[in-house]
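Just so you know, the protein sequences line up as chains A and B, in that order.
Following this note's numbering from start to finish, the first sequence increments by one per residue and tops out at 261.
Following this note's numbering from start to finish, the second sequence increments by one per residue and tops out at 555.
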Amino acid sequence: MKNLIFFSLCALLFISPLLVLTVYSFAPGWKFPQLIPEHLSARAFVFIYQQWTAIGKSIFISVLYSLASVLLTLIMCYFPAAVLAQKEFKGKKLVEGFLITPALVPPMSFALGLHYMLIKLGLADTFTGVVLILSIFSYPYMLRALMAGFQVLGNRYSLCAQNLGAGFWRTLFRVELPLLLPALVAGGSVVFLVAFSEYFLVFLIGGGAVPSFTGYLFPLLTSSDRSLASLLSLGFLLVPLLLFLFLEMTITRIYRKKGMN
Amino acid sequence: MSCRSEQFTGGVVLKLLPLLLPYLLLFMAGIFLCLAQSMGKFLPVPSSLQNFEAYVRIFEDSSFYACFAFSLYVAFLSTIISVISGAFLAYGLWKLPAWLRQAGIIYKIPLILPHIAVGFVVLVFWSKTGILASVAHTLGVIDSADSFPNILYAGNGLGMILAYALKGTSFVMLMLLALLSGFDQRQVQSARMLGASRFRIFFRVVLPRLMPGIHTSFIILFLYSFGAFDIPYLLSESQPGMLSIRVYNLFFKRDLVNRPEAMAILVLMFLFAAVFIFLYSRAVSGLSSSERKI
Numbered sequence: 001m002k003n004l005i006f007f008s009l010c011a012l013l014f015i016s017p018l019l020v021l022t023v024y025s026f027a028p029g030w031k032f033p034q035l036i037p038e039h040l041s042a043r044a045f046v047f048i049y050q051q052w053t054a055i056g057k058s059i060f061i062s063v064l065y066s067l068a069s070v071l072l073t074l075i076m077c078y079f080p081a082a083v084l085a086q087k088e089f090k091g092k093k094l095v096e097g098f099l100i101t102p103a104l105v106p107p108m109s110f111a112l113g114l115h116y117m118l119i120k121l122g123l124a125d126t127f128t129g130v131v132l133i134l135s136i137f138s139y140p141y142m143l144r145a146l147m148a149g150f151q152v153l154g155n156r157y158s159l160c161a162q163n164l165g166a167g168f169w170r171t172l173f174r175v176e177l178p179l180l181l182p183a184l185v186a187g188g189s190v191v192f193l194v195a196f197s198e199y200f201l202v203f204l205i206g207g208g209a210v211p212s213f214t215g216y217l218f219p220l221l222t223s224s225d226r227s228l229a230s231l232l233s234l235g236f237l238l239v240p241l242l243l244f245l246f247l248e249m250t251i252t253r254i255y256r257k258k259g260m261n
Numbered sequence: 262m263s264c265r266s267e268q269f270t271g272g273v274v275l276k277l278l279p280l281l282l283p284y285l286l287l288f289m290a291g292i293f294l295c296l297a298q299s300m301g302k303f304l305p306v307p308s309s310l311q312n313f314e315a316y317v318r319i320f321e322d323s324s325f326y327a328c329f330a331f332s333l334y335v336a337f338l339s340t341i342i343s344v345i346s347g348a349f350l351a352y353g354l355w356k357l358p359a360w361l362r363q364a365g366i367i368y369k370i371p372l373i374l375p376h377i378a379v380g381f382v383v384l385v386f387w388s389k390t391g392i393l394a395s396v397a398h399t400l401g402v403i404d405s406a407d408s409f410p411n412i413l414y415a416g417n418g419l420g421m422i423l424a425y426a427l428k429g430t431s432f433v434m435l436m437l438l439a440l441l442s443g444f445d446q447r448q449v450q451s452a453r454m455l456g457a458s459r460f461r462i463f464f465r466v467v468l469p470r471l472m473p474g475i476h477t478s479f480i481i482l483f484l485y486s487f488g489a490f491d492i493p494y495l496l497s498e499s500q501p502g503m504l505s506i507r508v509y510n511l512f513f514k515r516d517l518v519n520r521p522e523a524m525a526i527l528v529l530m531f532l533f534a535a536v537f538i539f540l541y542s543r544a545v546s547g548l549s550s551s552e553r554k555i
């Protein structure tokens, strides 16, 4: 009983926002002081259907630059994570401390300076520029996850593979990466979420030329049409969830095929 | 795993290179340009504010101190609320029977929602004509929207604090549940059998185990809410504003001549974050070493 009360409290805190957003999506005219909306309408859904080209494009580009950031942070962090997890050298703590800072200091402090540099390089208002800024902001999460993975794994497996004659790439793709998959998924999910939900950095570097879901949503949040804003906010839950589900199913299938569990 | 301490050799540097290069060429370069522009160099349009003039101007402006104090207050209060509620909820969730604990995954919802969407949720719930006002009206506590307390735009930053706290609570729970998953429930049970009260169990048995996660989340959440832009842009009031909004206004809205001042504020925020991380980690390591002595 006590457990149920505690759980209901959690549900009230975490589910009630979803519930209200869902109800608002169906009830554009929901106003104070109605506790339950008096009229339901599918207006928000109709709007999304009509505007689908623009909305779909902004979601697609957002997913694309978030996935690109996951890939880039993986490439950036893979070997450094192995070194930091498995080797001891002087000044290691210091290097680790410095490498973690981009996730801690105010993002504006490097983003506005970097913005000037990207303009000079012709990378402002481009997809590449957005991926670069999101990666430099979010790679510490990937680094931490991969380091944890390498610490658990040790270097025994890769040594074995190399002793048996596997080359560098073969060891990487056939031994290390599959064994590190859980760490990779953990780090990748965080990087994806950080990139997908970032508003300011994309708006600054993308400059409106790179469409984004957050950029599409923001003006609607302050508008009077709460129904549409609610429905699109729910999209922010739906897109990552569908993606994670797809990922989980794919990984399970791969593991089954290989007879691992 | 090799435990032999090596020098910072060429091999190590080479393997760190994929990260060191972008770190230096993008992150450090960004910070350097911010510093240079704050001193009037490398500007798209020359400014009359050279060397340390922008800093002098900032320090002579009393509204800067008000913004700084306000940012500290919002960051500190929201982080404290997140850490306390996150610790209790994580502990409570961990103690639930397995089938309920699985359903407890709902705590991740605010983590997945972007900051601007969480800000919108606060707007929908706490505005004078929001959901909570409707609930209060139905219960007969208030008779019109005007008698609902002014939460969002009263100048006390409560709207931002609520939004950061909701997002932060989930974050703290994520960090602490990871620690708790390696913690044996039987330790709590044996403490109980030895006659420890619930209160004592939480503070003497469980909490010490959670402290590393609490410190990490405190640093991350405090510095994030201190310097972030998204939620203040949606929920902030005009006076005194958050520092990030002040920088935004100086950078984008007013004359280009003010750019060194915007950059100088960012340099000060960066220095504050660096000093905070340094002092906090020193204080924590000092604390834990004195604990070990006991």
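A virtual CB, placed ideally from N, CA and C, is assigned to each residue, including glycine.
is_contact[residue i, chain A] using C-beta, thresh 9 Å
i                : result
Leu281 (chain B) : yes
Phe381 (chain B) : yes
Gln298 (chain B) : yes
His376 (chain B) : yes
Phe512 (chain B) : yes
Pro305 (chain B) : yes
His398 (chain B) : yes
Leu423 (chain B) : no
Pro358 (chain B) : yes
Ser395 (chain B) : yes
Thr270 (chain B) : yes
Leu438 (chain B) : no
Contact with chain B by residue i, beta-carbon distance below 9 Å
i                : result
Val83 (chain A)  : yes
Ala161 (chain A) : no
Thr101 (chain A) : yes
Leu40 (chain A)  : no
Ala11 (chain A)  : yes
Ser233 (chain A) : yes
Ser310 (chain A) : Here chain A comprises residues numbered 1 to 261, so residue 310 (chain A) is not present and cannot be evaluated.
Arg226 (chain A) : yes
Met76 (chain A)  : yes
Phe89 (chain A)  : yes
Met249 (chain A) : no
Ile15 (chain A)  : yes
Thr222 (chain A) : yes
Gly165 (chain A) : no
Between the CA atoms of residue j and residue i - distance to the nearest angstrom
i                : j                : result
Ile251 (chain A) : Leu184 (chain A) : 12 Å
Ala336 (chain B) : Phe539 (chain B) : 18 Å
Gly456 (chain B) : Gln450 (chain B) : 10 Å
Phe464 (chain B) : Leu19 (chain A)  : 35 Å
Asn3 (chain A)   : Leu13 (chain A)  : 16 Å
Phe531 (chain B) : Thr101 (chain A) : 10 Å
His476 (chain B) : Val545 (chain B) : 8 Å
Pro371 (chain B) : Tyr425 (chain B) : 10 Å
Leu99 (chain A)  : Leu67 (chain A)  : 22 Å
Tyr368 (chain B) : Leu437 (chain B) : 12 Å
Under 9 Å between C-beta atoms of residue i and residue j
i                : j                : result
Trp355 (chain B) : Phe444 (chain B) : yes
Gly206 (chain A) : Val130 (chain A) : yes
Arg520 (chain B) : Val306 (chain B) : yes
Ala525 (chain B) : Ala397 (chain B) : no
Leu357 (chain B) : Gly347 (chain B) : no
Val83 (chain A)  : Lys276 (chain B) : yes
Ala81 (chain A)  : Met1 (chain A)   : no
Pro279 (chain B) : Ile136 (chain A) : no
Phe386 (chain B) : Ala229 (chain A) : no
Delimiting residues of the alpha helix (DSSP H) encompassing residue i
i                : result
Asp322 (chain B) : It is not in any alpha helix (DSSP H) - Asp322 (chain B) carries neither H nor E in the DSSP assignment.
Asp491 (chain B) : Asp491 to Leu496
Glu198 (chain A) : No alpha helix (DSSP H) holds Glu198 (chain A); DSSP gives it neither H nor E.
Pro301 (chain A) : As displayed, chain A neither begins before 1 nor continues past 261, which places residue 301 (chain A) out of reach and without an answer.
Pro140 (chain A) : Phe127 to Leu153
Ile15 (chain A)  : Lys2 to Phe26
Ala406 (chain B) : That residue, Ala406 (chain B), is in no alpha helix (DSSP H); it is neither H nor E in DSSP.
Proximal residues to residue i (C-beta, below 6 Å), its chain only, five neighbours per side dropped
i                : result
Thr390 (chain B) : Ala406
His376 (chain B) : Asp491 and Ile492
Phe26 (chain A)  : Leu40
Cβ neighbours of residue i in the same chain (closer than 7 Å, five flanking residues each side left out)
i                : result
Thr340 (chain B) : Gly429, Phe479, Leu482, Phe483 and Ser486
Ile55 (chain A)  : Ile48 and Tyr216
Contacts around residue i, its chain only, beta-carbon distance under 8 Å, and the 5 residues preceding and following it disregarded
i                : result
Ile422 (chain B) : Val335, Leu338, Ser339 and Ile342
Arg265 (chain B) : Note that Arg265 (chain B) scores 48 on pLDDT, short of 50, meaning its location in the model is unreliable and no value can be drawn from it.
Thr171 (chain A) : Ser158, Ala161 and Gln162
Leu560 (chain B) : Residue 560 (chain B) lies beyond the residue range present for chain B, which begins at 262 and ends at 555; the question has no answer from this structure.
Leu234 (chain A) : Leu18, Leu21, Thr22 and Ser25
Beta carbon proximity, residue i to chain C, threshold 9 Å
i                : result
Ala229 (chain A) : Annotation note: the requested chain C is absent from the structure, which comprises protein chains A and B.
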